[in-house]
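Taking it in order: structure first as structure tokens, then the write-up.
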């Protein structure tokens, strides 16, 4: 038996990419160690992670009035790779965005994998690289994590959970409860990009690739908005369930109605074309790089200016306002001057022929 | 988008609404036949914009809703077979049969896939020679030509592993059945624009001869619907009964001749059971004998389960326009999209489900006028 | 029933003996079977249902319809301004 090699630990054979995940990789034994040391941990090197403990010990914020924001999200998207992104990017951006919606600066992420037996290591390597790239670009550290393996067929290739911790500046308290009738509703850009791109890729709808996910980290856009000094009530990122779900949540909590002008909703032309062709309502389709901002009515223009000045907010628009109601209804003013009440569907909308 | 945006124009809508307001003196009941037209009316809030004495009732134009429970159960049984790749349009995937829906079946391990076009199913068959690809052929005359082409292709290529489960229904017989029914309230029809694009306007002349009811072949955009309603009201107020073509940019008098030829080549007319309405003679398509080998119903010998509909369900009366969804005591209570009791709630295009999702509170409807 | 959308025909070709085309819906391109619209030419708008073109838009008819509606609109506005008085039964053809 060769002596322990510093690069490979006690096992003489290096990881090769055409290997696949085996149940043993989740067992905590040597296969797990190999996977961590050779594929996962090197991608995320940072002082906390490098201590190789079971947990991350973090410095609490020192500035009086700073608070922690904490969130968690799981990612099960299929396919794993799609135009504009992949599950890894989503996992980083999605959790960062949940923190950003409180105005928090994202600092630390945990990263947990559930891997399907048989998953090619090459795919895991791609996902890990994507996570590392996204985290580095956002200045967040992956400080702790976990890896489990389940039997063939018990997971769809790869699932990810990320939890995130961020720091909320003193005095900032955003939330749906702050929304009042008359407040302006802003969206930071085009709707339905992500959901359509993933649907088209997953169902192989043969729609030529003008559809791209909009997955993006929004913490700097939020920072710009906060810096403009507007009276910001509430932020939400309209992910699954689309803008409809996000507005419904806010409306219910704030006990207001929303009146939304359908003609003001920004959309990329091909995404609109896809929605028309498939019979999908863009209000119900997921976004991964957009935010809804509710601001005091007099601040709408200034807020728009701040958003539009940032690359991720170039297509920002004022789309409606909150109104007295108390029933939490979303009222859509239609293109021809009529109206309808938006109701959330039971589950994901599917393309229709009818 | 060209030929779409112009027909969603606010000022044209206003002009048409003013015209309708001006000429609609007496109360009338107008039925739009197609689920897509129902969808558009509710999505744009059209019926709330019309004068109160004009009533729009929503017809049986949802091929998903009218697919018999027995056929859905047959589809589920076929999909459960390990060798089968079961393909379908998105609409059908959530409709529950006696043992859940096709999506539920996928959750239990069945290989159920959504396709956009029937040709995608043929491609799947070519790519998976060891599997049996079955396509759920649901739809009106608009969709049947696409299935006809897929069947002809598969037949010409002698694909041994492609078959179709046919559930095509024809619209004019249903329109006649509604007018014949004793409780009928329909004064005029907005005819199915895309069905007519295929079949032409001649079938509606037959309807006219039998029933003397105005038929305005209408498109699907809000301006189309408003113009169609205007033309129908004009006929009614003037005591005329004619077939008019509002959707003239898409519909020609004779329809689409190559498509009609393909239909005649592949299908023959047969009797069909419409869920909620009952059997309507000569109201469906089935494969002609020469293509019967591609019929999934025969290829897969499955025991079908006969189920009866819940007694409180008044789908049939709703589909015929004799009752509104809100007239049903179970609407929004025992019956909802989460727990549908019958045909018109199971599909998101059904009149009851459409009402549920685009529901307008009465107060808001008042504000909008 | 029958969700069908007009798109611009940009390209014609053949696949497996079937006449096919690339149709552009506001920048979203899709392959569509043209077997049922043999008359369609590049630059025409075709109405597409489940991957098949079922009709070729008659541009002249579309124009006629829109002009009729716009005339209606003008008449309605003129009435509002008190410029005309219209009798019931006036046809706008």
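Residue numbers (my numbering), protein chains in the order written: chain P, 1 to 354; chain A, 355 to 723; chain H, 724 to 816. All residues carry an ideal CB built from backbone N, CA and C; glycine is no exception.
Excluding the five sequence neighbours on either side, which residues of its own chain have a C-beta within less than 8 angstroms of the C-beta of residue i, listed in chain order?
{"i": "residue 300 (chain P)", "result": "184, 186 and 318"}
{"i": "residue 373 (chain A)", "result": "584"}
{"i": "residue 743 (chain H)", "result": "735, 736, 737, 754, 755, 756 and 757"}
{"i": "residue 492 (chain A)", "result": "417, 418, 421, 442, 443, 445, 446, 521 and 522"}
{"i": "residue 269 (chain P)", "result": "none"}
{"i": "residue 762 (chain H)", "result": "779"}
{"i": "residue 341 (chain P)", "result": "329, 330, 331 and 332"}
Sort the options by Cα distance to residue i and report the nearest one.
{"i": "residue 93 (chain P)", "options": "P:283, P:111 and P:79", "result": "P:111"}
{"i": "residue 169 (chain P)", "options": "P:38, P:315, P:292 and P:63", "result": "P:63"}
{"i": "residue 624 (chain A)", "options": "A:579, A:587, A:523 and A:407", "result": "A:523"}
{"i": "residue 219 (chain P)", "options": "P:55, P:121, P:310 and P:60", "result": "P:310"}
{"i": "residue 726 (chain H)", "options": "A:369, A:643, A:394 and A:424", "result": "A:394"}
{"i": "residue 463 (chain A)", "options": "P:33, P:155, P:254 and P:120", "result": "P:155"}
{"i": "residue 526 (chain A)", "options": "A:415, A:399 and A:364", "result": "A:415"}
{"i": "residue 628 (chain A)", "options": "A:479, A:398, A:494 and A:430", "result": "A:494"}
{"i": "residue 237 (chain P)", "options": "P:145, P:339 and P:96", "result": "P:96"}
{"i": "residue 438 (chain A)", "options": "A:650, A:384, A:691 and A:382", "result": "A:650"}
{"i": "residue 458 (chain A)", "options": "P:347, P:352, P:354 and P:351", "result": "P:347"}
{"i": "residue 450 (chain A)", "options": "A:708, A:705 and A:693", "result": "A:693"}
{"i": "residue 298 (chain P)", "options": "P:87, P:75 and P:229", "result": "P:229"}
{"i": "residue 142 (chain P)", "options": "P:42, P:304, P:192 and P:182", "result": "P:42"}
Below 6 angstroms CB to CB, which residues in the same chain sit around residue i once its five sequence neighbours on both sides are set aside?
{"i": "residue 440 (chain A)", "result": "433, 466 and 488"}
{"i": "residue 598 (chain A)", "result": "570 and 585"}
{"i": "residue 172 (chain P)", "result": "103"}
{"i": "residue 388 (chain A)", "result": "415 and 546"}
{"i": "residue 352 (chain P)", "result": "279"}
{"i": "residue 401 (chain A)", "result": "395 and 410"}
{"i": "residue 431 (chain A)", "result": "656"}
{"i": "residue 513 (chain A)", "result": "479"}
Using three-state DSSP, classify residue i as helix, strand or coil.
{"i": "residue 731 (chain H)", "result": "strand"}
{"i": "residue 138 (chain P)", "result": "helix"}
{"i": "residue 282 (chain P)", "result": "helix"}
{"i": "residue 441 (chain A)", "result": "strand"}
{"i": "residue 778 (chain H)", "result": "strand"}
{"i": "residue 468 (chain A)", "result": "strand"}
{"i": "residue 364 (chain A)", "result": "helix"}
{"i": "residue 288 (chain P)", "result": "coil"}
{"i": "residue 555 (chain A)", "result": "coil"}
{"i": "residue 496 (chain A)", "result": "coil"}
{"i": "residue 218 (chain P)", "result": "coil"}
{"i": "residue 765 (chain H)", "result": "coil"}
{"i": "residue 677 (chain A)", "result": "coil"}
{"i": "residue 517 (chain A)", "result": "strand"}
{"i": "residue 55 (chain P)", "result": "coil"}
{"i": "residue 549 (chain A)", "result": "helix"}
{"i": "residue 5 (chain P)", "result": "Because residue 5 (chain P) sits at a pLDDT of 38, beneath the cut-off of 50, its placement in the model cannot be relied upon, and the following sentence gives the value as read from the coordinates. Correct three-state label for residue 5 (chain P): strand."}
Which chain P residues are close to residue i, counting only those with a beta carbon under 8 angstroms from its beta carbon?
{"i": "residue 398 (chain A)", "result": "334, 335, 336, 338 and 340"}
At 8 angstroms on the CB atoms, spell out the chain H contacts of residue i, in chain order.
{"i": "residue 356 (chain A)", "result": "729, 731 and 768"}
Return the chain-ordered list of same chain residues with a C-beta closer than 7 angstroms to the C-beta of residue i, the five sequence neighbours on each side being excluded.
{"i": "residue 613 (chain A)", "result": "499 and 552"}
{"i": "residue 777 (chain H)", "result": "727, 759 and 770"}
{"i": "residue 210 (chain P)", "result": "270"}
Closer than 7 angstroms by beta-carbon distance: list the chain A residues that pair up with residue i, in chain order.
{"i": "residue 346 (chain P)", "result": "691 and 692"}
{"i": "residue 353 (chain P)", "result": "443, 445, 493 and 497"}
Give the interface partners of residue i over in chain A, defined as CB-CB distance under 9 angstroms, in chain order.
{"i": "residue 273 (chain P)", "result": "355"}
{"i": "residue 761 (chain H)", "result": "612"}
{"i": "residue 206 (chain P)", "result": "470, 471 and 474"}
Which residues in chain H sit within 9 angstroms of residue i, going by Cβ to Cβ distance?
{"i": "residue 548 (chain A)", "result": "724, 725, 726, 727, 770, 772, 777 and 778"}
So is residue i in contact with chain B if we call contact Cβ pairs under 8 angstroms?
{"i": "residue 262 (chain P)", "result": "No chain B appears in this structure, whose protein chains are P, A and H."}
Whose Cβ in chain P lies nearer than 7 angstroms to the Cβ of residue i?
{"i": "residue 417 (chain A)", "result": "354"}
Going along chain H in order, which residues have a C-beta closer than 7 angstroms to the C-beta of residue i?
{"i": "residue 315 (chain A)", "result": "Here chain A has residues from 355 to 723 only, and residue 315 (chain A) is not among them."}
{"i": "residue 725 (chain A)", "result": "The first residue shown for chain A is 355 and the last is 723, placing residue 725 (chain A) beyond what the model contains."}
Below 8 angstroms, how does it come out for the segment 626 to 643 of chain A and the segment 506 to 522 of chain A: are there three or more Cβ pairs, yes or no? yes
Does the pairing of the segment 253 to 264 of chain P with the segment 315 to 330 of chain P give three or more beta-carbon distances under 8 angstroms? yes
Given 8 angstroms, three or more beta-carbon pairs between the segment 286 to 299 of chain P and the segment 212 to 228 of chain P: yes
Would you say the segment 543 to 550 of chain A touches the segment 474 to 487 of chain A, given that touching needs at least three Cβ pairs under 8 angstroms? no
Sufficient close CB pairs (3 or more, under 8 angstroms) joining the segment 397 to 416 of chain A to the segment 559 to 569 of chain A: no
How do the segment 324 to 337 of chain P and the segment 693 to 707 of chain A stand: do at least 3 beta-carbon pairs fall below 8 angstroms, yes or no? no
Evaluate contact between the segment 146 to 164 of chain P and the segment 16 to 31 of chain P, counting only Cβ atoms and requiring at least three cross-stretch pairs below 8 angstroms. yes
For the 8 angstroms Cβ check, are there 3 or more pairs between the segment 126 to 135 of chain P and the segment 47 to 66 of chain P? no
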